[in-house]
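**Student:** Chains as they are written, first to last, in the working numbering: chain F, 1 to 114; chain L, 115 to 228. By construction, the Cβ of each residue, glycine as well, lies at the ideal position given by its N, Cα and C atoms.
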């Protein structure tokens with residue numbers, strides 16, 4: 001149980017394009033999902049909290065107009081990196097909040113912006 | 115401000131022996147602590163958690179100890195196996211408006227030698 005999937009697992013795009021990443025909880029409903037970013041040799045940094053049916057809340061320093069989050073249903077949250085630039089290249093990981101404040105993580109999406 | 119710290123970047127242990135991974139925190143509002151295991155280019159996998167009302171939680175080979183007065187927690191793996199080799203992250207969560215949000219430590223690379 002508690003499986004979270006992400007799609008795509010990796011993506012290469014040109015600078016200036018937008019990229020959408022999907023996060024799905026496969027066997028449980030999640031009213032809350034989280035989006036993280038991990039740069040090489042660093043820890044996971046929380047970007048935003050995605051709540052089903054309401055606006056996402058962003059951490060300090062994260063541009064909400066650049067990283068668009070939509071939590072359309074209890075099993076799906078999407079992160080769109082708009083007008084991506086090389087500095088946005090990173091490993092993006094989502095998680096879904098299960099019972100007892102435990103987060104279950106997706107496998108991650110590697111984004112490379114050329 | 116690093117609220118969750120894992121001061122040992124790496125740990126090397128012989129197969130069959132005990133692995134002890136340590137984690138310190140500074141925020142007294144944290145009331146739930148988790149350990150995750152992570153392989154490169156994958157999302158973290160939940161291992162074990164502990165609420166602040168307890169000082170020990172055990173699940174198979176994994177035991178987490180919490181010392182609230184010292185703001186310290188540790189993960190014991192006994193016996194260690196080569197398949198345990200990975201990066202281990204401790205994470206902490208507070209209640210209230212921060213419900214479910216995790217703050218991660220920097221991670222400790224565990225290597226278990228056959």
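Do you know how far the Cα of residue 40 of chain F is from the Cα of residue 167 of chain L?
**Tutor:** In the second chain, residue 167 of chain L corresponds to position 53, counting from 1. In the first chain, residue 40 of chain F corresponds to position 40, counting from 1. In a straight line, the C-alpha of residue 167 of chain L is about 35 Å away from that of residue 40 of chain F.
**Student:** Quick check on DSSP: helix, strand or coil for residue 101 of chain F?
**Tutor:** By one-based count along the first chain, residue 101 of chain F stands at place 101. Helix, per DSSP.
**Student:** Please determine, among F:12, F:104, F:68, the residue with the shortest C-alpha to C-alpha distance to residue 159 of chain L.
**Tutor:** What you label residue 159 of chain L is simply residue 45 of the second chain in a count that begins at 1. Answer by Cα proximity: F:104.
**Student:** Is the separation between the beta-carbon of residue 44 of chain F and that of residue 38 of chain F shorter than 8 Å?
**Tutor:** Counted from its first residue, the first chain places residue 44 of chain F at position 44. Counted from its first residue, the first chain places residue 38 of chain F at position 38. Taking 8 Å as the Cβ cut-off, residue 44 of chain F and residue 38 of chain F qualify as a contacting pair.
**Student:** Straight-line CA distance for residue 131 of chain L to residue 209 of chain L?
**Tutor:** Locating residue 131 of chain L in the second chain gives position 17, where the first residue counts as 1. Locating residue 209 of chain L in the second chain gives position 95, where the first residue counts as 1. Near 36 Å, if we compare the C-alpha coordinates of residue 209 of chain L and residue 131 of chain L.
**Student:** Thinking C-beta only, is residue 163 of chain L closer than 8 Å to residue 102 of chain F?
**Tutor:** Translated into the one-based positions of the first chain, residue 102 of chain F becomes position 102. Translated into the one-based positions of the second chain, residue 163 of chain L becomes position 49. It is a contact, given that the beta carbons lie within the stated cut-off.
**Student:** Interface residues of chain F around residue 207 of chain L at Cβ under 8 Å?
**Tutor:** Here residue 207 of chain L is taken as the residue at index 93 of the second chain, counted from 1. The answer, in chain order, is 101.
**Student:** Going straight from the alpha carbon of residue 228 of chain L to that of residue 178 of chain L, what length do you get?
**Tutor:** Within the second chain, numbered from 1, the residue matching residue 228 of chain L stands at position 114. Within the second chain, numbered from 1, the residue matching residue 178 of chain L stands at position 64. Between residue 228 of chain L and residue 178 of chain L, the C-alpha separation is close to 24 Å.
**Student:** Taking CB distances under 8 Å as the criterion, tell me whether residue 180 of chain L reaches chain F.
**Tutor:** Translated into the one-based positions of the second chain, residue 180 of chain L becomes position 66. No, because no Cβ of chain F sits closer than 8 Å to the Cβ of residue 180 of chain L.
**Student:** Note down the Cα distance separating residue 187 of chain L from residue 222 of chain L, rounded to an integer number of angstroms.
**Tutor:** Residue mapping note: residue 187 of chain L aligns to position 73 of the second chain, counting from 1. Residue mapping note: residue 222 of chain L aligns to position 108 of the second chain, counting from 1. Near 14 Å, if we compare the C-alpha coordinates of residue 222 of chain L and residue 187 of chain L.
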